[in-house]
Amino acid sequence: MEDWYHDAVFYELYIRAYQDSNGDGQGDFRGAIARLDHIKSLGVNCIWIMPHYASPLLDGGYDISDYRDVHPDFGTLADFKAFLDAAHARGLRVITDMVMNHTSDQHPWFQAARQDKNSPYRDYYVWSDTGTEYAETRIIFLDVEKSNWTYDEVAGQYFWHRFYSSQPDLNYDNPKVHEEMFDIMRFWLDMGIDGFRVDAIPYLYEREGTNCENLPETHDFLQKMRRMVDSEYPGTLLIAEANQWPEDLLPYFGTPENPEFQVCFHFPIMPRLYQALRAQDKTPIVEIWAQTPAIPSGTQWMTFLRNHDELTLEMVTPEVRQWMWEQYAPEPRMRLNLGIRRRLAPLLDFNGEKWFLLHALFLSLPGTPIVYYGDEIGMADNIWLPDRHGCRTPMQWDASKNAGFSDANETYLPVNDDYHQRNVAVQEDDPNSYLNRLRFLLQTRQSQPALRRGDFEFVETGNGAVLAFRRFVSDQLAVSGEQLAMSDGHSVRGQWVLCVFNLSDVVQQVGLAVAGGYQDLLHPDSLPLVGDMLNVPPHAAWWLVKT
Ligand code: NOJ
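Numbering (our numbering), first residue to last: -14 to 532.
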């Protein structure tokens, strides 16, 4: 089934953080194999592995020094293959991270390029004698970098970089770079992976007089990449990491004639979910969906609450950003660049009702959801660690040494000190734990074709604090989507779920006619709702179906 990603839930896995199998304090593929049953038990279908390549790890592995090898701390190519096979054997697909905008400065291409002006690799990167070009380009890591140009003494020129100065950008005006990237993709696809999350794609080209983002040349290249993948590895999933406004995201899906990505992360919706919850007002969510264009048939958004980066506030206004910082990052060390470097559960003050509401909301919006490792147990962060490390600490499995992550005396980052209370083992036995509630939510979502693939429309509640929308399987969708037929042969035509969320901390009255009685899938033991005016309890989340 080529469009399996419509029905999937993803899990973001940081190999380094997951399980150490050889006592060196670093997670590795052999360790992760032993934890695949945990991932499977969540009810997810696909794993995205953060960069696992050889790297000096100055940017969490997004600084690659050899694209065709596994970082020695994480294992070998054979270990990677064993992980892939073990995941596939459990019915879990695997995609990897494809970092194509830049390499590490330790990559042999850059080393050759900087040492010799006449090296064929010189033109793999972007150079300048003055470092004054493309002045309209924003700086992304602005807490650390002062310019997108850095002077290299060895080369005697400036080189261009959109991220750390240890990550020189590749030159996509050089067709050889295209071929190198395609060969790297072939290498991993030949091993059997199911696709890529493609990193930082808005920034591939530079052109004077522009902000060097989303350029037409970039889209031409991405269409070429998709053509290669479709002809040589049909069915490969490509996910776009483009932190952009909805109207700038749309072109990354391409067109039916010239497709680019099947899936794009919906960055702008994410901070608005937190904003709406804290403001007790649905407006930010309603407004961003009004700005979100229809996407080509067969494509899909990817939705998320957190990931391995700071919670980005790039896609909100400066006023909202300031407000979000005040609300969610009162201490300066909680802030990074234009975002908030905290994990999900602490952002919500470990409030279980808000956690449940936010998940029920995110899991019922259109899009393929992705869960970040550790968030399934409400892991805390460590704001005393630099950069984004505080959200990348070792997974907490049990109350034994180093949370069961490693038996080394020193781990790559310190284990959070709450691990005795907060770990997988403790939560397994508690039906009300984050872990078991997430499993329940995923299972319930996956049982409803309308939540996975249905159309979406807001339902007026006459109350700014109560968000309601309907997900429904239109006749057209039911007829075209074979996979929408239930396994027992029942038709799903006409199926819908009415999702209702009270974003506030007081009871709200709403005018929603539920004549005939509705059952809440999220509270299966509760009595059916009947009537015209409903009282919605504080922070209630309902997924209603007709009884
Ligand atoms: C986006 C990744 O998510 C982030 O972690 C990384 O630092 C940049 N791209 C640069 O590769």
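A virtual CB, placed ideally from N, CA and C, is assigned to each residue, including glycine.
*For Leu332, does the count of other Cβ atoms within 10 angstroms reach 16, so buried, or fall short, so exposed?*
Against the sequence shown, residue 332 aligns to sequence position 347. Sixteen is the threshold: when 16 or more other Cβ atoms of the shown chains lie within 10 Å of the Cβ of Leu332, as they do, the residue is buried.
*Under 8 Å between C-beta atoms of Tyr3 and Gly16*: For the purposes of this step, residue 3 is taken as residue 18 along the sequence shown, with counting starting at 1. For the purposes of this step, residue 16 is taken as residue 31 along the sequence shown, with counting starting at 1. Yes, the Cβ-Cβ distance between Tyr3 and Gly16 is below 8 Å.
*Could you give the DSSP three-state label for Trp286: helix, strand or coil?*
Here residue 286 is taken as the residue at index 301 of the sequence shown, counted from 1. In the displayed model, Trp286 falls within a strand according to three-state DSSP.
*Assuming Phe148 and His56 form a contact by the criterion Cβ under 8 Å, report the distance between their Cβ atoms to the nearest whole angstrom.*
Here the question's residue 148 lines up with position 163 in the sequence shown. Here the question's residue 56 lines up with position 71 in the sequence shown. About 19 Å; that fails the 8 Å criterion.
*Taking Cβ positions, are Ile362 and Tyr419 nearer each other than 8 Å?*
Stepping through the sequence shown from its first residue, residue 362 is reached at position 377. Stepping through the sequence shown from its first residue, residue 419 is reached at position 434. Yes, they are a contact pair.
*asked:* Just checking Phe549 against the ligand NOJ - is the residue's beta carbon closer than 7 Å to any of the ligand's heavy atoms?
replied: Residue 549 is absent from the model: the chain starts at -14 and stops at 532.
*How about Asp294: is its Cβ closer than 7 Å to a heavy atom in the ligand NOJ?*
Position 309 of the sequence shown holds residue 294. Because some heavy atom of the ligand NOJ lies under 7 Å away, the Cβ of Asp294 counts as near it: yes.
*Where Asn387 sits in the DSSP three-state scheme*: Your numbering for residue 387 matches position 402 in the sequence shown. Helix at Asn387.
*Should Ala74 be counted as a contact of the ligand NOJ given a C-beta to heavy atom distance under 7 Å?*
Locating residue 74 in the sequence shown gives position 89, where the first residue counts as 1. The answer is no for Ala74.
*asked:* Using only the alpha-carbon positions, how far apart do Gln285 and Ser459 sit?
replied: Taking the first residue of the sequence shown as 1, we reach residue 285 at position 300. Taking the first residue of the sequence shown as 1, we reach residue 459 at position 474. C-alpha separation (whole angstroms): 17 Å.
*For the putative contact between Asp51 and Tyr38, defined by C-beta atoms under 8 Å, what is the C-beta separation to the nearest angstrom?*
The residue given as residue 51 occupies position 66 in the sequence shown. The residue given as residue 38 occupies position 53 in the sequence shown. The pair is a contact, with the Cβ atoms about 6 Å apart (cut-off 8 Å).
*In three-state DSSP terms, what is Ile125?*
Indexing the sequence shown from 1 puts residue 125 at position 140. In this structure, Ile125 counts as coil in the three-state DSSP scheme.
*asked:* Tell me which residue opens and which closes the beta strand (DSSP E) that Asn487 is part of.
replied: As a first step, residue 487 is located in the sequence shown; it is residue number 502 there, counting from the start. First-last of the beta strand (DSSP E) with Asn487: 481 to 487.
*Proximity of Asn159 and Tyr109 at Cβ, strictly below 8 Å*: Numbered from 1 along the sequence shown, position 174 holds the residue referred to as residue 159. Numbered from 1 along the sequence shown, position 124 holds the residue referred to as residue 109. Yes.
_For the ligand NOJ, is there any heavy atom lying closer than 7 Å to the beta carbon of Ala525?_
In the sequence shown, residue 525 corresponds to position 540, counting from 1. Every heavy atom of the ligand NOJ is 7 Å or more from the Cβ of Ala525, so no.
*Determine, using beta carbons only, whether Glu535 and Arg373 come nearer to each other than 8 Å.*
One cannot answer for residue 535 here, as it falls past the ends of the chain, which runs -14 to 532.
*asked:* So for Ile49, helix, strand or coil by DSSP?
replied: Position 64 of the sequence shown, counted from the start, is the residue given in the question as residue 49. Three-state result, Ile49: coil.
*asked:* So within the region 330 to 414, which uninterrupted alpha helix (DSSP H) runs reach at least 4 residues, ignoring any that extend past its ends?
replied: 337 to 347, 409 to 413
_Boundaries (first-last residue) of the beta strand (DSSP E) holding Asp440_ = Position 455 of the sequence shown, counted from the start, is the residue given in the question as residue 440. Unbroken beta strand (DSSP E) run through Asp440: 440 to 443.
*Are the beta-carbon atoms belonging to Gln208 and Gly239 less than 8 Å from one another?*
The count along the sequence shown starts at 1 and reaches residue 208 at position 223. The count along the sequence shown starts at 1 and reaches residue 239 at position 254. Contact: yes.
*asked:* Please report the distance separating the alpha-carbon of Ala275 from that of Met213.
replied: Translated into positions along the sequence shown, residue 275 becomes position 290. Translated into positions along the sequence shown, residue 213 becomes position 228. Those two C-alpha atoms are separated by around 34 Å.
*With DSSP run on the structure shown, which of helix, strand or coil describes Ser150?*
Here residue 150 corresponds to residue number 165 of the sequence shown, with the count starting at 1. Coil at Ser150, not helix or strand.
*What residues are listed by DSSP as bridge partners for Leu(-2)?*
Mapped onto the sequence shown, residue -2 falls at position 13. According to DSSP, which records beta bridges pairwise, Leu(-2) is partnered with Ile34.
_Contacts around Thr135, its chain only, beta-carbon distance under 7 Å, and the 5 residues preceding and following it disregarded_ = Walking along the sequence shown from the start, residue 135 turns up at place 150. In its chain, beyond the 5 residues on either side, Tyr143, Phe144, His146, Ser150 have a beta carbon closer than 7 Å to the beta carbon of Thr135.
_Given this structure, state the Cα-to-Cα distance separating Pro187 from Trp112, to the nearest angstrom._
As a first step, residue 187 is located in the sequence shown; it is residue number 202 there, counting from the start. As a first step, residue 112 is located in the sequence shown; it is residue number 127 there, counting from the start. Taking the CA atoms as reference points, Pro187 sits about 19 Å from Trp112.
*With distances taken Cα to Cα, identify the nearest neighbour of Ala526 among Pro509, Leu370, Thr532.*
Within the sequence shown, residue 526 is the residue found at index 541, counting from 1. It is Pro509 whose Cα lies nearest to the Cα of Ala526.
*Could you tell me which uninterrupted alpha helix (DSSP H) segments, each at least 4 residues in length, are contained entirely in the region 254 to 302, listed from first to last along the chain?*
254 to 264, 268 to 275
*asked:* Just to confirm my understanding: we take Ile273, look at its own chain, exclude 5 residues before and 5 after, and list those with CB closer than 8 Å. What are they?
replied: Counting from 1 along the sequence shown, the entry for residue 273 is found at position 288. Around Ile273: Pro231, Pro253, Ile254, Arg257.
_Integer-rounded CB distance, given that Val444 should sit under 8 Å from Val482_ = Reading the sequence shown from its first residue, position 497 is the one you call residue 482. Reading the sequence shown from its first residue, position 459 is the one you call residue 444. At roughly 11 Å, the Cβ-Cβ gap does not stay under 8 Å, so Val482 and Val444 are not in contact.
*Count the other C-beta atoms from every protein chain shown that fall within 10 angstroms of the C-beta of Glu189, then say buried if there are 16 or more, exposed otherwise.*
Position 204 of the sequence shown, counted from the first residue, corresponds to residue 189. Reading off the sequence, residue 189 comes out as Leu, not Glu. With a threshold of 16 other beta carbon atoms within 10 Å, Leu189 meets it and is buried.
*Could you have a look at Ile325 and say whether DSSP puts it in helix, strand or coil?*
The residue labelled residue 325 in the question sits at position 340 within the sequence shown. Strand at Ile325.
*Report the rounded CA-to-CA distance for Cys249 versus Arg182, giving the unit in angstroms.*
Residue numbering aside, residue 249 sits at position 264 when the sequence shown is read from its first letter. Residue numbering aside, residue 182 sits at position 197 when the sequence shown is read from its first letter. The alpha-carbon atoms of Cys249 and Arg182 are separated by roughly 9 Å.
_Through-space distance from Gly10 to Leu62, alpha-carbon basis_ = By one-based count along the sequence shown, residue 62 stands at place 77. By one-based count along the sequence shown, residue 10 stands at place 25. Their Cα atoms are separated by approximately 20 Å.
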